[in-house]
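Trainee:
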Amino acid sequence: MSARLDHLVVAARSLQEGRDWLEGRLRVPLQPGGEHELFGTHNLLLSLGPDAYLEVIAVNPDAPPPARARWFALDTPGMQERLSHGPALVHWVAQVPQVPAGPDALPLSRGENRWVLTVPPDGSLPGGGAAPSLIHWLTPPPPTRLPDVGVRLSGLRLGSPEPDGLRAALDALRFQGEVEVVEAPQVELRATLDTPHGPVEL
1 MSARLDHLVV AARSLQEGRD WLEGRLRVPL QPGGEHELFG THNLLLSLGP DAYLEVIAVN
61 PDAPPPARAR WFALDTPGMQ ERLSHGPALV HWVAQVPQVP AGPDALPLSR GENRWVLTVP
121 PDGSLPGGGA APSLIHWLTP PPPTRLPDVG VRLSGLRLGS PEPDGLRAAL DALRFQGEVE
181 VVEAPQVELR ATLDTPHGPV EL
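Residue numbers for the sequence shown follow UniProt numbering, beginning at 1 and rising by one.
1. Check the C-beta distance from L160 over to A130 and give it rounded, since I have them as a contact under 8 Å.
2. Ends of the beta strand (DSSP E) at P107?
3. Check whether the segment 67-77 and the segment 111-125 touch, using three or more Cβ-Cβ pairs below 8 Å as the test.
4. Taking the beta carbon of P132 as the centre, do at least 16 other beta carbons fall within 10 Å, making it buried, or is it exposed?
5. Mapping the DSSP letters down to three states, classify Q80 as helix, strand or coil.
6. When you compare each of P140, H136 and L134 to A112 by their alpha carbons, which one comes out closest?
7. By how many angstroms is the C-alpha of H7 removed from the C-alpha of W137?
8. Return helix, strand or coil for Q186, following the three-state DSSP convention.
9. With which residues is A94 paired in a DSSP beta bridge?
10. Distance check for P97 and L26, CA to CA, integer angstroms please.
11. Can you tell me which of the three DSSP states R157 falls into?
12. Measuring straight from C-alpha to C-alpha, what distance separates G143 and W92?
13. By the DSSP assignment, the alpha helix (DSSP H) with A169 in it spans what residues?
14. Can you look up F39 in the DSSP assignment and give me helix, strand or coil?
15. Which residue from S84, Q186, L46 and G34 puts its Cα closest to that of residue 205?
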């Protein structure tokens with residue numbers, strides 16, 4: 001198995017708050033995503049080039065409460081407290097040739113899109129968000145359909161209280177890409193994006 005970056009995940013209390021925050025920083029428009037009925041969420045998307053993208057995700061206030069925990073820890077008090085201070089880069093997802101079978105492997109679909117994603121039953125983030133969720137696309141992934149607005153990921157820094165364990169997890173995935181793993185008192189994610197208006201750090 002070899003893995004590479006699929007997308008970054010920015011979470012917000014509302015999709016509009018996430019849009020305002022990210023478009024204000026990057027000065028490029030986000031694209032419509034859609035709704036995720038299983039999790040009661042919706043999203044917006046941004047191309048990071050031909051092979052990766054960024055997702056802004058929030059609870060959909062018009063959706064009925066989901067029967068299971070929302071993904072990306074959106075139901076947890078810790079995440080809700082974090083997002084009360086504003087949108088944040090909370091996670092990242094790695095694309096793999098096949099998602100290992102198990103209770104975390106969920107087959108998902110929306111419109112013509114079909115994929116398999118690892119989501120723990122409690123909705124928690126692997127490694128507190130520093131370790132990636134795994135995705136395998138059964139249909140062409142979003143970057144093939146999103147307009148290219150000239151934004152690229154130039155660096156991803158992952159801080160973890162257990163950096164050796166995180167490095168071992170990435171090595172086990174045979175992750176291909178430039179990711180910096182550092183020791184930190186708590187999980188921290190920092191992405192540097194090159195934009196038409198200069199570099200921006202999230």
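In this text, a Cβ means the ideal position worked out from N, Cα and C, and glycines have one as well. All of these numbers come straight from a predicted model, not from anything done at the bench.
Mentor: Once the coordinates are examined:
1. Translated into positions along the sequence shown, residue 160 becomes position 160. Translated into positions along the sequence shown, residue 130 becomes position 130. Rather than Leu, the amino acid found at residue 160 in this sequence is Ser. Between A130 and S160 the Cβ distance is about 5 Å, and since that is below 8 Å, they are a contact.
2. Here the question's residue 107 lines up with position 107 in the sequence shown. From DSSP, the beta strand (DSSP E) with P107 extends over A105 to R110.
3. yes
4. The residue labelled residue 132 in the question sits at position 132 within the sequence shown. So P132 counts as buried.
5. Against the sequence shown, residue 80 aligns to sequence position 80. Q80 falls in the helix class under three-state DSSP.
6. Residue mapping note: residue 112 aligns to position 112 of the sequence shown, counting from 1. The sequence given here places Glu at residue 112; Ala does not occur at that position. The option with the nearest alpha carbon to E112 is P140.
7. Numbered from its first residue, the sequence shown carries residue 137 at position 137. Numbered from its first residue, the sequence shown carries residue 7 at position 7. Going by the C-alpha atoms only, they are around 12 Å apart.
8. What you label residue 186 is simply residue 186 of the sequence shown in a count that begins at 1. In the structure shown, Q186 sits in coil (DSSP, three-state: anything other than H, G, I, E or B).
9. Taking the first residue of the sequence shown as position 1, residue 94 is located at position 94. DSSP output for A94 lists L5 and L134 as bridge partner(s).
10. Residue 26 sits at position 26 when you count from the first residue of the sequence shown. Residue 97 sits at position 97 when you count from the first residue of the sequence shown. Computed Cα separation, rounded: 31 Å.
11. Numbered from 1 along the sequence shown, position 157 holds the residue referred to as residue 157. R157 falls in the strand class under three-state DSSP.
12. In the sequence shown, counting from the first residue as 1, residue 143 sits at position 143. In the sequence shown, counting from the first residue as 1, residue 92 sits at position 92. The sequence given here places Pro at residue 143; Gly does not occur at that position. Near 15 Å, if we compare the C-alpha coordinates of W92 and P143.
13. Stepping through the sequence shown from its first residue, residue 169 is reached at position 169. First-last of the alpha helix (DSSP H) with A169: P163 to A172.
14. Sequence index remark: in the sequence shown, residue 39 carries index 39 (1-based). Residue state, collapsed to three classes: coil.
15. Residue 205 lies beyond the range of the chain shown here (1 to 202); nothing can be said about it.
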